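Residue numbers for the sequence shown follow the UniProt record's numbering, beginning at 1 and rising by one.
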Amino acid sequence: MPMRLDVFADIPHEIIFEIFLQCLPNDASSRGPQDAPILLTHVCSSWRKLASQVPELWRNILLRCNTEDQPALTISQAIALKTKAVDQIALWKYNSRGQLMDISLELRCLQNGTVDFIDERFWDAILERAILDKPEHVQNLSLKFDYCDIGTPIYALPRTSFFNLETLEFTQLLMTSSPTITCFSKASKLRRVVTDAGLPPRISTPCTVIDLPWAQLTHLVLLAPQLSQTFHFVSTECPKLQILCMKLQQDVPASFLPPGTETTALAHLRELSLTLTNIENLSFMSSIDFPRMTKLQFWTDARYGYRSIKWDQPFLAHHNHFIDQLHLLHSLTLGHQNIGCDALLGILRETPLLVEFIVESELGTLPRFLDALTYNPEDDFNSLLLPKLEIFRLYIDIRRCTSTDMSEGPFTNASFFDMITSRSKLLNLSEGDAYHGLNHVAYLQDVLFHVFKPVFSSPQFLDHDDLASRARHFSEMDSGVSLHVRFSSRKQNSNWLREEIPTW
């Protein structure tokens, strides 16, 4: 007997929505457009009828056609796939009843394992049904194309078409020298953008350039390498940025540097992630201030032959300007920095609020670095390094350590565990509550020591077996510290630490 729908009349849509979510299979996210709509295949007919009356259930469209993990399609298969996808989009949009929608389209022209190429206009029917007929209904949009020209019908839309768009992700495998994409430039609600397109002014090799409402953006992730002039463009044109992630690939020629020395302040920026390739100094940041930055991820490409930032002391003026911006940091990640112990300690003295510290570096004098982090209650509290540190991850490559690095004494397992113990509640138990409580010295909670040790490494840098044994013993004690010691004999990339792409 069919279920009576009026029994649900007084149940809030939010509750019904949650019930349907619980009915979905665990692998729902992996289903492709060749499958029938999930909501219509995993519930009975009465529930299907009920679902069609809850517009909130139909706000999301995720379509992945001809993706890299799918086998090559024959032309008849491609046509059938497109037809089914168009029908599904129509069903979703009809049942959404005009709700603002989240739309994610991943479309490809290249065929896996073949030289076949699907014409870029083949997917126009999907674009028409999903976006073009009602662009004002799109709230969050993700477009992933292997060939930029797939999106030509979208690019032709007027600048004011996406007036409800809040988040945009736009990526492409093959860039073109097509005209600047302007259809998003007047999206009055757009705040968050992830893209691998180029930014104006175009000063590098021809590529797809996108124009955006820069002044209103709060989150910006640029996936494609940019010249460091772009950093100045973003800093001046995007005053409301809260999160910025960029890749910069070479120093700017003097002729490209902006005139004058006027300082620009990114007054709202909280998180900054920079990946630098073939850049030796921070002059491109010398006129930029970050008065509220609390999280910094600073990556350097470690591939052989690439130049990197030189942290020689005394620091250059623009290095000092950069370091002066770090006093409010709560989280600092240094991905492969060619920096000595003294220079690193000098930087850390400017970050008294740091809670999380992650570093892959050619520290050299590692023992002195660990000694500087060791807490001694008899020392002046004001001289303590990183008093609020709770998360510490250290990555070391033995191949970069030589006998001269150990001139001030060899690394010992004891010095490593002395540092951890001094910042754990183990020592607090023996010294009394005032040991850590009086001056609010934080306990370590999460520690990782990752050593790259080739199978035939020489000379012996540390006692592998003893370190592993001590780590296991330490983890068994009631220390309050989650401790992990790892050894790798193979490294897939030149960097262990890879840049992280923010998601929202």
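C-beta: ideal position from N, C-alpha, C; glycine also. Here the structure is a predicted model, which means the values were calculated and not measured.
- Message: Since Leu143 and Leu105 should fall inside the 8 angstroms C-beta cutoff, what is the C-beta to C-beta distance between them, to a whole number of angstroms?
- Response: 6 angstroms
- Query: Got a sec? Which residues, its chain only, sit under 8 angstroms from Leu217 by beta carbon, not counting five neighbours each side?
  - Reply: Leu190, Arg191, Arg192, Val193, Cys238, Lys240 and Leu241
- Query: Met419 lies in the alpha helix (DSSP H); which residues open and close that run?
  - Reply: Asn413 to Ser422
- Task: Give the DSSP-derived three-state secondary structure of Ile339 in the structure shown.
- Result: coil
- Item | Sufficient close CB pairs (3 or more, under 8 angstroms) joining the region 156-164 to the region 76-90 | Under the Cβ criterion (8 angstroms, minimum of three pairs), the region 156-164 does not count as touching the region 76-90.
- Item | Which listed residue (Asn320, Arg423, Ala372 and Asp149) has its alpha carbon closest to that of Leu174 | Asp149
- Query: Does DSSP put Ser188 in a helix, in a strand, or in coil?
  - Reply: Reduced to three states, the DSSP call for Ser188 is coil.
- Keeping to the same chain, check which residues put their C-beta closer than 6 angstroms to that of Ile391; ignore five residues upstream and five downstream. Answer for Ile391: Glu356 and Asp446, listed in chain order.
- Task: May I ask you to list the residues that DSSP assigns as paired with Cys65?
- Result: Leu107
- Message: If distances are taken between C-alpha atoms only, which option among Leu329, Arg423 and Ala267 comes closest to Tyr443?
- Response: Arg423
- Query: From the DSSP output, which residues share a beta bridge with Thr83?
  - Reply: BP columns for Thr83 are empty, so no partner.
- Query: Where does Ile118 fall in DSSP's three states?
  - Reply: If DSSP states are grouped into helix, strand and coil, Ile118 belongs with coil.
- Reduced DSSP secondary structure (H/G/I, E/B, other) of His327: coil
- Query: Per DSSP, what kind of secondary structure is Ser161 in: helix, strand or coil?
  - Reply: If DSSP states are grouped into helix, strand and coil, Ser161 belongs with coil.
- Query: If you drop the 5 nearest sequence neighbours on each side, which residues of the same chain put their C-beta closer than 6 angstroms to that of His321?
  - Reply: Its chain contains Ser286 as the residues whose beta carbon lies nearer than 6 angstroms to that of His321, once the 5 sequence neighbours on both sides are disregarded; these appear in chain order.
- Message: By the DSSP assignment, the alpha helix (DSSP H) with Tyr155 in it spans what residues?
- Response: Thr152 to Tyr155
- Query: Which residues in the same chain as Leu353 place their Cβ atom closer than 7 angstroms to its Cβ, once the five residues preceding and following it in sequence are excluded?
  - Reply: Leu328, Leu329, His330 and Lys388
- Check whether the Cβ atoms of Val138 and Ile181 lie closer than 8 angstroms to each other. Against a cut-off of 8 angstroms, the Cβ pair of Ile181 and Val138 comes out as no contact.
- Message: What does DSSP give as the partner residue(s) for Asn320 in the beta ladder?
- Response: Partner(s): none; Asn320 has no beta bridge.
- Sequence-distant residues of its chain with Cβ nearer than 7 angstroms to Glu18 (five each side left out): none
- Query: Quick one: what's got a C-beta closer than 8 angstroms to Leu248's C-beta in the same chain, skipping five residues either side?
  - Reply: Pro225, Gln226, Leu227, Ser228, Thr230, Phe231, Leu274, Thr275, Leu276, Thr277, Ile279 and Phe284
- Express the C-alpha separation of Asn413 and Asp463 in angstroms, rounding to a whole number. 7 angstroms
- In chain order, what residues of the same chain have a beta carbon less than 7 angstroms from the beta carbon of Asp124, not counting five sequence neighbours either side? Pro153
- Message: Among His473, Ile358 and Cys207, whose alpha-carbon lies nearest the alpha-carbon of Gln337?
- Response: Nearest option by C-alpha distance: Ile358.
- Message: Going by C-alpha to C-alpha distance, which of Leu384, Asn281 and His219 sits closest to Val441?
- Response: Comparing Cα positions, the closest option is Leu384.
- If Leu316 sits next to Leu348, beta carbons under 8 angstroms apart, how far is it from one beta carbon to the other, in whole angstroms? That pair is no contact at about 19 angstroms.
- Message: With distance defined between alpha-carbon atoms, name the residue in His318, Arg393 and Pro291 nearest to Thr333.
- Response: Arg393
- Query: Three-state secondary structure (DSSP) at Val481?
  - Reply: coil
- Query: Going by the beta-carbon positions, is the gap between Ser235 and Thr263 smaller than 8 angstroms?
  - Reply: no
- Message: Out of His450, Arg292, Gln250 and Glu14, which one is the CA nearest neighbour of Asn281?
- Response: For the residues His450, Arg292, Gln250 and Glu14, the minimum Cα distance to Asn281 belongs to Gln250.
- Determine the direct distance from the alpha carbon of Gly335 to that of His318, and round the result to whole angstroms. 20 angstroms
- Message: For the ligand GDP, is there any heavy atom lying closer than 7 angstroms to the beta carbon of His464?
- Response: Within the structure as shown, the ligand GDP is missing, as the structure has no ligands at all.
- Message: If I follow the unbroken beta strand (DSSP E) through Glu476, where does it start and stop?
- Response: For Glu476, there is no enclosing beta strand (DSSP E); the enclosing alpha helix (DSSP H) has its first and last residue at His464 to Glu476.
- For Phe170 versus Ala187, is the C-beta distance shorter than 8 angstroms? Taking 8 angstroms as the cut-off, the Cβ atoms of Phe170 and Ala187 do not count as close.
- With burial defined as no fewer than 16 other Cβ atoms inside 10 Å of the residue's Cβ, what is the status of Asp10: buried or exposed? exposed
- Thr300 and Leu326: beta carbons closer than 8 angstroms? no
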